[in-house]
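Student: Protein sequences, first through last, are from chains R and V. Read the first sequence against our numbering and you will find it ends at 452, with the numbers running on by one and no gaps. Read the second sequence against our numbering and you will find it ends at 452, with the numbers running on by one and no gaps. Cβ atoms here follow ideal geometry from the backbone N, Cα and C, with glycine treated the same way. Dropping the structure in here first, questions after.
Number of protein chains: 2
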Amino acid sequence: MSHQPVDIDTILAQVRVALAAGEWDRAVALIESLRPPDQADLFGELPPEEQVALLPRLDVEDSAAILAELEDSEAAELALRLDTEDLARILDEMEPDEAADVLGDIPPAQAVQVLSVMEEADEVEPLLAHPDETAGGLMTRPTITLRQEMTAEEAIAYLRRIAPDSETVYYLFVVDEEGRLVGVVSLRQLIVASPTTPIRDIMDPEVIHVHAGADQEEAARLMSRYGLLALPVVDDDERLLGIITHDDLVAVLEDEATEDFQRLGASEPLDEPYLDTPIMKMFRKRVGWLLLLFVAETFTGTVLRHFEHELSEAVALAFFVPLLIGTGGNAGSQVASAIIRSLALGEVTFRHILLLMWREIRTALLLGAAMGVIGFFRALTWHSPANLAYTVGVSLCAIVLWAAIIGSAMPLIASRLRIDPAVISAPALTTLVDATGLLIYFLIARAIMGL
Amino acid sequence: MSHQPVDIDTILAQVRVALAAGEWDRAVALIESLRPPDQADLFGELPPEEQVALLPRLDVEDSAAILAELEDSEAAELALRLDTEDLARILDEMEPDEAADVLGDIPPAQAVQVLSVMEEADEVEPLLAHPDETAGGLMTRPTITLRQEMTAEEAIAYLRRIAPDSETVYYLFVVDEEGRLVGVVSLRQLIVASPTTPIRDIMDPEVIHVHAGADQEEAARLMSRYGLLALPVVDDDERLLGIITHDDLVAVLEDEATEDFQRLGASEPLDEPYLDTPIMKMFRKRVGWLLLLFVAETFTGTVLRHFEHELSEAVALAFFVPLLIGTGGNAGSQVASAIIRSLALGEVTFRHILLLMWREIRTALLLGAAMGVIGFFRALTWHSPANLAYTVGVSLCAIVLWAAIIGSAMPLIASRLRIDPAVISAPALTTLVDATGLLIYFLIARAIMGL
């Protein structure tokens, strides 16, 4: 009776058998039995020539849903191989914002040609002007707007007449004669209201909205904070240009989390799904950071060379080097990742810097004391002389404290300078803490061991 | 005309002035002029005694919204200080899932007392049985269910009569006489359908649903994948227990991303917002990992002690230790963070392990070659003898390759063993790569330099 996600691999195997036998109708029937996201997953596993041959044979609604669900790069590649006529027919069936995304990813000459054949060109063309990462780039055109003078009954009859095929009708936006946004009414309010009430009396005149040029993150933050299913997008004159729907919100939240995550791992964000990223692109995204961190890390060598005399006097000092800088790096990562995430969620801002550092310094004193005591005894079990064990214990405590100071200050200062705090990623911090931590260690060794 | 988020600090200052002058009505009016998330933010800045005094004076709908918007720990603290009568009145106004969340966070004896006074106790009590992190713990009770025999017109009239005050009506679930889930119809479909059509003919009988005991992440994944505004939750007999709504989806997605992020930073997830976490709790969440990594890192000392002879023969070998293990750690983090995030997004699974490792090995060969050449020349500029420079170059290449192998295999194996791959966090990997990287370095040094 009810339905759980299917095992795509089983259906894929059946589709492959059907295609190998040239049974196009059976392959089409198998694919049409799935839901769009599953259709897209299956489709992505087929070779390009079979994708091009299959797509126009599917029901146009399914073709549109598949093209919308595919990753941007896959959709563009497929669109490039389709006939202009076929592509126009499929794009006409898609939501205008999704059609615009596909057209934005193929060469402009082909896009112009396709638009000239599309019936919905008027809906899609204005969306092409907005950059991808802005609110305007996410929006779709509202299928229906209401006027204040309508009654609830008239509005429902109007809805029924237009019979919009999208889920964008749960919030209905009200505009004046200039097209300016003046209110919002939910479909629920419309149903529950007495039929003759004018829209003016039901609508909420204070509509949360966003400007078309705003960053997509700002739009996502507003929707998530206020629990909105749809967010209206306006131009400089407050005219309603389009709406951003809840599925875009989820996509933006996931993209932003992925970007921060990759930066924390010392890599440029990949922009596309992992498996779709070519090896050379992965190399390019990573080599810059790796080199930069390598150069930064060479300062550790400079510090060590500076203390060459101490090292040759007491080779045992070297045994603790990775342990000390590793612990400093870990302590710094803990602090930085907590603060970077709090900044991303909007829980803290630069003005909390003193409060945050004070919290982190107190936590680090507890952690440093614990690590120092344990490090002291660990050093003794390696038969180190007592003064070396003291050096290790005191250094651990000092390095954990120092790492917390750097780990809390750097992301906050970055956010103040409008650099993404995730760029000051854990490995970058680690590298800084490594070199300065060594300096702390050898200065303490010199003082305690009298080298 | 339309409305943008307000500057809470300005209103907060005005509220403080009003409270200091004992003008409760003015403070109440200022707070009621805001939207619930902003009200909650402002509320959280007030001292506890003022919160307790203010909450019962607000409109009960606003009090309910504030209590729902506050962080769990703040809400529980406030609930504890309220009169049983006041608290029951406010909880009656909240969505049942949110009321259950508050009751679950206060001592059971008090919760029982409050429930005995609540009008909506029947709605809330069944929800208390479900653990927080399951689908059942997220769900709310559906205010309305339909039957297959109803017509579209009857269903709309029914909706209008009940006049549900929540946004949960955009998907209406259809149940049979046993309460089993048999279909779903969207409010849009209901409006657009011809009035006399029976629900049976409009509804989709294949409803994506989730079991009450399923993990909340599974529920979020289904909603995000299929673009659902609401997901029905059923018991073992497929009876409809409740629904999960889109605002819960956003909260789960953010929580899961935060957890992964903190694990990548080598800390247990904090469970509550950064600024609300007490210092001792931060210490406890971090000290375990820091100690575990410290113990693991002591193997680096074991490796170094093992090569004490080589180190005293050529102290210059030590200069490159942090550089080599740092680069290995960074290369491993890049790989692991990309794969952990792909696993979290469901882009890859364990069955891709060979494909993934092959991709990572090829990328690592490119990166390792680049780093090896640069490392070789860097070593020469430090006036290292040629055989030491060779050792450094070859070791860098080998360590980057080795880090990629560990960094790709470990998260995938963890996911196979049903351990959260983010637990195999970047620092844990770094620590493993450090010790094995040193071993590689000294073995290569022994071979090339003949020590």
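Using DSSP bridges, identify the partner residues of Arg-181(V).
Tutor: Arg-240(V)
Student: Which residues of chain V have a Cβ atom closer than 8 Å to the Cβ of Trp-383(R), listed in chain order?
Tutor: Gly-302, Arg-306
Student: Is the CB of Arg-36(V) under 8 Å away from at least one CB in chain R?
Tutor: yes
Student: Closest to Val-401(V) by C-alpha separation, out of Thr-246(V), Leu-366(V), Trp-383(V), Asn-388(V), would be which residue?
Tutor: The shortest C-alpha separation from Val-401(V) is found at Leu-366(V).
Student: Taking Met-140(V) and Ile-244(V) to be in contact with their CB atoms under 8 Å, please state how far apart those CB atoms are, rounded to whole angstroms.
Tutor: 6 Å
Student: Have a look at Ala-100(R), Ala-54(R), Thr-432(R) and flag the residue whose alpha-carbon is nearest the alpha-carbon of Ala-76(R).
Tutor: Ala-100(R)
Student: Out of Gly-373(V), Ala-370(V), Leu-418(V), Ser-313(V), point me to the one whose CA is closest to Arg-352(V)'s CA.
Tutor: Leu-418(V)
Student: Between Ile-449(R) and Tyr-391(R), how many whole angstroms is the CB-CB distance? I'm expecting something under 8 Å.
Tutor: 5 Å
Student: Check the Cβ-Cβ distances between Val-193(V) and every residue of chain R, and say whether any is below 8 Å.
Tutor: yes
Student: Closer than 8 Å, CB to CB, is His-247(V) near chain R or not?
Tutor: yes
Student: Using a beta-carbon distance cut-off of less than 7 Å, what residues from the segment 317–328 of chain R approach chain V?
Tutor: Cβ contacts with chain V: Ala-319, Phe-320, Phe-321, Val-322, Pro-323, Leu-324, Ile-326, Gly-327, Thr-328.
Student: Please name the residue, chosen from Pro-48(R), Pro-49(R), Leu-88(R), Asp-73(R), that lies closest to Val-61(R) on a Cα-to-Cα basis.
Tutor: The residue with the shortest Cα to Cα distance from Val-61(R) is Leu-88(R).
Student: Between which two residues does the alpha helix (DSSP H) containing Val-16(R) stretch?
Tutor: 9–21
Student: Give a yes or no on whether the minimum CB-CB distance between Asp-435(R) and chain V is below 8 Å.
Tutor: yes
Student: Hey, is the segment 252–270 of chain V in contact with the segment 64–82 of chain V, meaning 3+ C-beta pairs nearer than 8 Å?
Tutor: no
Student: Can you find a C-beta in chain V that's less than 8 Å from the C-beta of Tyr-227(R)?
Tutor: yes
Student: Quick one: using the 10 Å Cβ neighbour count with 16 as the cut-off for buried, is Leu-355(V) buried or exposed?
Tutor: exposed
Student: Taking DSSP's pairing of strands, which residues face Ser-416(V) in a bridge?
Tutor: None; Ser-416(V) has no bridge partner.
Student: Tell me where the beta strand (DSSP E) around Leu-232(R) begins and ends.
Tutor: 231–235
Student: Given Thr-146(R), which residues of its chain have a CB within under 6 Å of its CB, disregarding the five upstream and five downstream residues?
Tutor: Phe-174, Val-176
Student: I believe Gln-335(R) touches Ser-338(V) by the beta-carbon criterion, under 8 Å. Please report the beta-carbon distance rounded to the nearest angstrom.
Tutor: The Cβ separation is near 16 Å, so there is no contact.
Student: Taking only the alpha-carbon atoms, compute the straight-line gap between His-4(V) and Gly-184(R) and give it to the nearest angstrom.
Tutor: Legend: pLDDT at His-4(V) = 44, less than 50; position of this residue unreliable, value from coordinates given subsequently. Going from the Cα of His-4(V) to the Cα of Gly-184(R) covers about 10 Å.
Student: Should the segment 344–351 of chain R be called in touch with the segment 395–411 of chain R, which here means at least 3 C-beta pairs below 8 Å?
Tutor: no
Student: Quick check on Phe-455(V) - is its C-beta less than 8 Å from some C-beta in chain R?
Tutor: Absent from the model: residue 455(V). The displayed extent of chain V is 2 to 452, so no value can be given.
Student: Which value, in whole angstroms, describes the spacing of the CA atoms of Thr-198(R) and Pro-206(R)?
Tutor: Counting only the Cα atoms, Pro-206(R) lies some 16 Å from Thr-198(R).
Student: Buried or exposed: which applies to His-247(V), given that a residue is buried once 16 or more other Cβ atoms fall within 10 Å of its Cβ?
Tutor: buried
Student: Work out the CA separation of Val-29(V) and Leu-13(V) for me, nearest whole Å.
Tutor: 12 Å
Student: Using DSSP with H/G/I as helix, E/B as strand and the rest coil, what is Pro-143(V)?
Tutor: coil
Student: What's the call for Glu-50(V), buried or exposed, on a 16-neighbour Cβ count within 10 Å?
Tutor: exposed
Student: So which residues on chain R does Glu-219(V) lean against when the C-beta distance must stay under 9 Å?
Tutor: Those within 9 Å of Glu-219(V) in chain R number zero; the least Cβ separation is about 10 Å.
Student: Whose Cβ in chain R lies nearer than 8 Å to the Cβ of Thr-364(V)?
Tutor: Ile-280, Met-283, Phe-284, Arg-287
Student: Taking 8 Å as the CB-CB cut-off, is Glu-348(V) touching chain A?
Tutor: In the displayed structure, chain A is absent; the protein chains listed are R and V.
Student: Bridge partners for Thr-246(V) per DSSP, in chain order?
Tutor: Ala-231(V)
Student: Note down the Cα distance separating Pro-233(R) from Gln-40(R), rounded to an integer number of angstroms.
Tutor: Taking the Cα positions, Pro-233(R) is about 31 Å away from Gln-40(R).
Student: Mind listing the chain V neighbours of Met-151(R)? Cutoff is C-beta to C-beta under 7 Å, in chain order.
Tutor: The premise fails here: Met-151(R) is roughly 15 Å from chain V at the closest Cβ pair, so nothing lies under 7 Å.
Student: Using a beta-carbon distance below 8 Å, is Glu-99(R) in contact with chain V?
Tutor: no
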